[in-house]
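In UniProt numbering, the protein residues as written are 1 to 172.
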């Protein structure tokens, strides 16, 4: 889905260029060159009523390249895309850190919340740390400007398809 589009069902820039979201710069550039040639109005030999569709495709390819070719704009786009996907997913429940149980095995800390199927939703402290949220026994600290206050994370169940949204109030 394109975040800047009017419809939530439009293609992502990655889909426009037919590349995976983890594609390298070279893969994106190669795909862009192919897509721009295939959609360029001067290269299309057929005259049809769908010329506005070809123009739209050409402009979509240009916009995708503009965003994905620059590492900073790509990183921002990826964050927006991930955020949009999380907002679109409806969790089975919303929980807070206090609702979760903590299990410690050596230096390894894991947070658990029981699912109605009997299994657990779980997330490790190291996974939260990768998101810029550092947990302490007494406090929560944010060490990243990319984390908004309060932060939230969708956590899938270990067995079923349910997810919960863990809300972390970093100001407390």
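Beta carbons are placed, not taken as given, at the ideal position from N, Cα and C, and that holds for glycine.
Reduced DSSP category for residue i - H, G, I as helix; E, B as strand; rest coil
i: residue 75; result: helix
i: residue 167; result: strand
i: residue 162; result: coil
i: residue 83; result: helix
i: residue 30; result: helix
i: residue 17; result: coil
i: residue 105; result: strand
i: residue 126; result: helix
i: residue 61; result: helix
i: residue 152; result: strand
Backbone CA spacing between residue i and residue j [nearest angstrom]
i: residue 79; j: residue 14; result: 14 angstroms
i: residue 110; j: residue 117; result: 20 angstroms
i: residue 41; j: residue 113; result: 55 angstroms
i: residue 21; j: residue 104; result: 34 angstroms
i: residue 68; j: residue 135; result: 33 angstroms
i: residue 156; j: residue 18; result: 28 angstroms
i: residue 54; j: residue 31; result: 17 angstroms
i: residue 99; j: residue 64; result: 41 angstroms
i: residue 83; j: residue 36; result: 29 angstroms
i: residue 125; j: residue 43; result: 53 angstroms
i: residue 75; j: residue 23; result: 13 angstroms
i: residue 168; j: residue 70; result: 32 angstroms
i: residue 85; j: residue 106; result: 34 angstroms
Cβ neighbour criterion (16 or more within 10 Å) applied to residue i
i: residue 59; result: exposed
i: residue 128; result: buried
i: residue 108; result: exposed
i: residue 72; result: exposed
i: residue 166; result: buried
i: residue 16; result: buried
i: residue 61; result: buried
Distance between beta carbons of residue j and residue i, contact taken as under 8 angstroms
i: residue 131; j: residue 153; result: 7 angstroms
i: residue 94; j: residue 164; result: 7 angstroms
i: residue 151; j: residue 123; result: So it is not a contact: roughly 12 angstroms between Cβ atoms.
i: residue 26; j: residue 39; result: So it is not a contact: roughly 20 angstroms between Cβ atoms.
i: residue 81; j: residue 12; result: 6 angstroms
Reference residue i, options the options, closest by Cα
i: residue 66; options: 28, 38, 84, 90; result: 28
i: residue 119; options: 35, 64, 24, 161; result: 161
i: residue 92; options: 115, 85, 36, 70; result: 115
i: residue 159; options: 121, 169, 23; result: 121
CB contact below 8 angstroms: residue i versus chain C
i: residue 100; result: The structure shown contains no chain C; it is built from a single protein chain.
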